[in-house]
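Novice: Under this note's numbering, the first residue of the sequence shown is numbered 24, with each subsequent residue one higher. Here a beta-carbon is modelled for each residue, glycine too, at the ideal position from N, C-alpha and C.
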Amino acid sequence: MKQVLITGASGLIGSRLTQMLIEKGFGVLHLTRNPNAGTGEVKQYAWNVEKGTIDSAALENAHAIVHLAGAGIAAHRWTPHYRRQIIESRTQSAALLIQALQNNPAHKVEVFVGASAIGYYGNRNSQLLTETDAPQKGDFLSETTQLWETAYAPLTDQLNIRTAILRIGIVLSAQGGALPQTDLPLRMGAPGVYFGNGSQYYSWIHIDDLCRMFIAAIENSQMSGVYNAVAPQPVTNKEFVLTIAKTLGRWAIALPVPRAALHLAMGQMADIVLHSARVSAQKITTAGFTFSYPELPAALAQIYGKTSE
Numbered sequence: 024m025k026q027v028l029i030t031g032a033s034g035l036i037g038s039r040l041t042q043m044l045i046e047k048g049f050g051v052l053h054l055t056r057n058p059n060a061g062t063g064e065v066k067q068y069a070w071n072v073e074k075g076t077i078d079s080a081a082l083e084n085a086h087a088i089v090h091l092a093g094a095g096i097a098a099h100r101w102t103p104h105y106r107r108q109i110i111e112s113r114t115q116s117a118a119l120l121i122q123a124l125q126n127n128p129a130h131k132v133e134v135f136v137g138a139s140a141i142g143y144y145g146n147r148n149s150q151l152l153t154e155t156d157a158p159q160k161g162d163f164l165s166e167t168t169q170l171w172e173t174a175y176a177p178l179t180d181q182l183n184i185r186t187a188i189l190r191i192g193i194v195l196s197a198q199g200g201a202l203p204q205t206d207l208p209l210r211m212g213a214p215g216v217y218f219g220n221g222s223q224y225y226s227w228i229h230i231d232d233l234c235r236m237f238i239a240a241i242e243n244s245q246m247s248g249v250y251n252a253v254a255p256q257p258v259t260n261k262e263f264v265l266t267i268a269k270t271l272g273r274w275a276i277a278l279p280v281p282r283a284a285l286h287l288a289m290g291q292m293a294d295i296v297l298h299s300a301r302v303s304a305q306k307i308t309t310a311g312f313t314f315s316y317p318e319l320p321a322a323l324a325q326i327y328g329k330t331s332e
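1. According to DSSP, is residue 182 helix, strand or coil?
2. Mind reading off the beta-carbon distance from residue 192 to residue 253? Whole number of angstroms is fine, and I expect it under 8 Å.
3. Going by other Cβ atoms of all chains shown within 10 Å of its Cβ, with 16 needed for buried, is residue 41 buried or exposed?
4. Spatial neighbours of residue 164 within its chain, please: CB distance less than 6 Å, with the 5 preceding and 5 following residues excluded, ordered by chain position.
5. Would a C-beta distance cut-off of 9 Å place residue 285 and residue 296 closer than the cut-off?
6. Relative to the alpha-carbon of residue 31, which residue among 24, 54 and 43 has its alpha-carbon at the smallest distance?
7. For residue 289, I'd like the list of residues in its chain whose CB is within less than 6 Å of its CB, leaving aside the five on either flank, ordered along the chain.
8. Let me know if residue 102 comes out buried or exposed under the rule of 16 or more other beta-carbons within 10 Å of its beta-carbon.
9. I believe residue 123 touches residue 77 by the beta-carbon criterion, under 8 Å. Please report the beta-carbon distance rounded to the nearest angstrom.
10. Do residue 121 and residue 29 have their C-beta atoms closer together than 9 Å?
11. So, at 7 Å on beta carbons, what are the nonlocal neighbours of residue 329 in its own chain, with the 5 sequence-adjacent residues on each side left out?
12. Based on Cα-Cα distance, which residue from 174, 188 and 327 lies nearest to residue 197?
13. Quick check: residue 218 and residue 282, are their CB atoms within less than 9 Å of each other?
14. Just to confirm my understanding: we take residue 93, look at its own chain, exclude 5 residues before and 5 after, and list those with CB closer than 8 Å. What are they?
15. Counting only the same chain and skipping the five closest in sequence on each side, list residues whose C-beta sits under 7 Å from that of residue 154.
16. On the DSSP bridge list, what partners appear for residue 134?
17. Quick check on this structure: which residue in 311, 300, 75 and 126 has the alpha carbon closest to the alpha carbon of residue 243?
18. If you draw a straight line from the alpha carbon of residue 126 to that of residue 189, how long is it in whole angstroms?
19. Along the beta strand (DSSP E) that carries residue 69, what are the first and last residues, could you check?
20. Hey, out of 150, 241, 222 and 145, whose CA is closest to residue 186's CA?
21. Are residue 168 and residue 129 close, meaning C-beta to C-beta below 9 Å?
22. How should residue 204 be labelled, buried or exposed, when 16 other C-beta atoms within 10 angstroms of its C-beta is the threshold for buried?
23. Just how far apart, CA to CA, sit residue 133 and residue 37?
24. Let me know the secondary structure DSSP gives residue 325 once reduced to three states.
25. Consult DSSP for residue 296 and reduce its assignment to one of helix, strand or coil.
26. Quick check: residue 224 and residue 259, are their CB atoms within less than 9 Å of each other?
27. Count the other CB atoms, across all protein chains shown, that sit within 10 Å of the CB of residue 301; report buried if there are 16 or more and exposed otherwise.
28. Tell me, which residues are paired with residue 77 by DSSP?
29. So residue 147 packs on residue 299, CB below 8 Å; how close in whole Å?
30. Between residue 144 and residue 152, how many whole angstroms is the CB-CB distance? I'm expecting something under 8 Å.
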């Protein structure tokens, strides 16, 4: 049985990926600060990124690593301290894994699948963005993802481990992420809200498609390099909100939240909802990946348990 070691496994993506890997017959291992909290199906190993410690036994048993660990982008206001934490939680955790692999030449790791984000592209209006497009200078999220991806470089350059990097879009799930926050006004009987003029593009992905993409990267020996982890049909922010309203059977009415109000309330963190990234899924589909939810109405219908029209 192939063993997959996951970091950040307690998060939205990691918890669902754990379930789907087990359903496919993989063994699952977790790296965690609290290895006593594990279940019988999942073997847990200790690590502490701040202290630079890791249980090397985790690498002795793993055939693949999925690296999801990192401080939440939207978990706190972007103070200078939290900006540093966002970056270092990603780069230092990757460096610790790489150092552990370098110190353990008998490891069994064949493939490393690392998370990144479409924040790499910055705010690009309606330009269709592919993996070859350059990042945006002077943008915090773009600079963060550049450092994040650069931290993975020794895996191929020094360790010769097949490495796939997934630039993840807006993840749709009933369990967390953007959707429960976006649909809250609608669930309370109020109109939906969009941000600014609502024309910014949101490149989204259903969580099950995302987890299947991670599994594809593990299983497909031809997959390496960077892939956009987004559905093929991005929508504008306003379309996103109105489609949610329609799926929930609410009036197709949405009200704007002015940019100035967002910046006043959120500071630079408002970039998360105001930036536009119209991201292409062509490369991952060319690699043979088939989406279960390529269009937003069907994705939302599945999440909300509705019948898609």
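Specialist: Answer, in terms of the structure:
1. If you number the sequence shown from 1, residue 182 lands on position 159. Residue state, collapsed to three classes: coil.
2. Taking the sequence shown and counting its residues from 1, the one referred to as residue 192 is at position 169. Taking the sequence shown and counting its residues from 1, the one referred to as residue 253 is at position 230. 4 Å between Cβ atoms; contact.
3. Start at 1 with the first residue of the sequence shown, and residue 41 comes out as number 18. In this structure residue 41 is buried. Its beta-carbon is surrounded by 16 or more other beta-carbon atoms within 10 angstroms.
4. Here residue 164 refers to the residue found at position 141 when the sequence shown is read from its first residue. Closer than 6 Å at the Cβ level, and outside the excluded window around residue 164, lie 142.
5. Taking the first residue of the sequence shown as position 1, residue 285 is located at position 262. Taking the first residue of the sequence shown as position 1, residue 296 is located at position 273. Closer than 9 Å, so yes.
6. Your numbering for residue 31 matches position 8 in the sequence shown. If we check each option's Cα against that of residue 31, 54 comes out closest.
7. On the sequence shown, residue 289 is found 266 positions in, with the first residue counted as 1. Excluding sequence neighbours, residue 289 sits near nothing in its chain.
8. What you label residue 102 is simply residue 79 of the sequence shown in a count that begins at 1. It counts as exposed.
9. Here residue 123 refers to the residue found at position 100 of the sequence shown. Here residue 77 refers to the residue found at position 54 of the sequence shown. Correct: roughly 5 Å between the Cβ atoms.
10. Translated into positions along the sequence shown, residue 121 becomes position 98. Translated into positions along the sequence shown, residue 29 becomes position 6. Cβ distance not < 9 Å, so residue 121 and residue 29 don't count as in contact.
11. The residue labelled residue 329 in the question sits at position 306 within the sequence shown. These residues qualify, in order along the chain: 270.
12. For this step, residue 197 is matched to residue 174 along the sequence shown. Of 174, 188 and 327, the residue nearest in Cα terms is 327.
13. Taking the sequence shown and counting its residues from 1, the one referred to as residue 218 is at position 195. Taking the sequence shown and counting its residues from 1, the one referred to as residue 282 is at position 259. Yes, the pair counts as a contact, with Cβ atoms nearer than the cut-off.
14. Taking the sequence shown and counting its residues from 1, one reaches residue 93 at position 70. Cβ within range, chain order: 31, 109, 112, 113, 116, 138 and 171.
15. Counting from one through the sequence shown, the residue named residue 154 turns up at place 131. So the qualifying residues of the chain are 249, 250, 251 and 306.
16. Residue mapping note: residue 134 aligns to position 111 of the sequence shown, counting from 1. Answer is 87 and 185, bridged to residue 134.
17. Working through the sequence shown from its first residue, we reach residue 243 at position 220. Among 311, 300, 75 and 126, the Cα nearest to that of residue 243 is on 311.
18. In the sequence shown, residue 126 corresponds to position 103, counting from 1. In the sequence shown, residue 189 corresponds to position 166, counting from 1. Their Cα atoms are separated by approximately 26 Å.
19. Residue numbering aside, residue 69 sits at position 46 when the sequence shown is read from its first letter. Per DSSP, residue 69 belongs to the beta strand (DSSP E) from 65 to 71.
20. Position 163 of the sequence shown, counting from 1, holds the residue named residue 186. Selected option, being the one with the closest Cα: 241.
21. Taking the first residue of the sequence shown as 1, we reach residue 168 at position 145. Taking the first residue of the sequence shown as 1, we reach residue 129 at position 106. Result no, Cβ atoms of residue 168 and residue 129 do not sit closer than 9 Å.
22. Along the sequence shown, read from residue 1 onward, the residue named residue 204 stands at position 181. So residue 204 ends up on the exposed side.
23. Counting from one through the sequence shown, the residue named residue 133 turns up at place 110. Counting from one through the sequence shown, the residue named residue 37 turns up at place 14. Near 20 Å, if we compare the C-alpha coordinates of residue 37 and residue 133.
24. Taking the sequence shown and counting its residues from 1, the one referred to as residue 325 is at position 302. Of the three classes helix, strand and coil, the one that applies to residue 325 here is helix, per DSSP.
25. Sequence index remark: in the sequence shown, residue 296 carries index 273 (1-based). Residue state for residue 296 is assigned as helix, using DSSP reduced to three classes.
26. Taking the first residue of the sequence shown as position 1, residue 224 is located at position 201. Taking the first residue of the sequence shown as position 1, residue 259 is located at position 236. For residue 224 and residue 259, yes; Cβs fall inside 9 Å.
27. Counting from 1 along the sequence shown, the entry for residue 301 is found at position 278. Within 10 angstroms of the beta-carbon of residue 301 lie 16 or more other beta-carbons, which makes it buried.
28. Within the sequence shown, residue 77 is the residue found at index 54, counting from 1. According to DSSP, residue 77 bridges with 70.
29. In the sequence shown, residue 147 corresponds to position 124, counting from 1. In the sequence shown, residue 299 corresponds to position 276, counting from 1. Confirmed, about 6 Å.
30. Position 121 of the sequence shown holds residue 144. Position 129 of the sequence shown holds residue 152. Yes, residue 144 and residue 152 are in contact; Cβ-Cβ is about 5 Å, under 8 Å.
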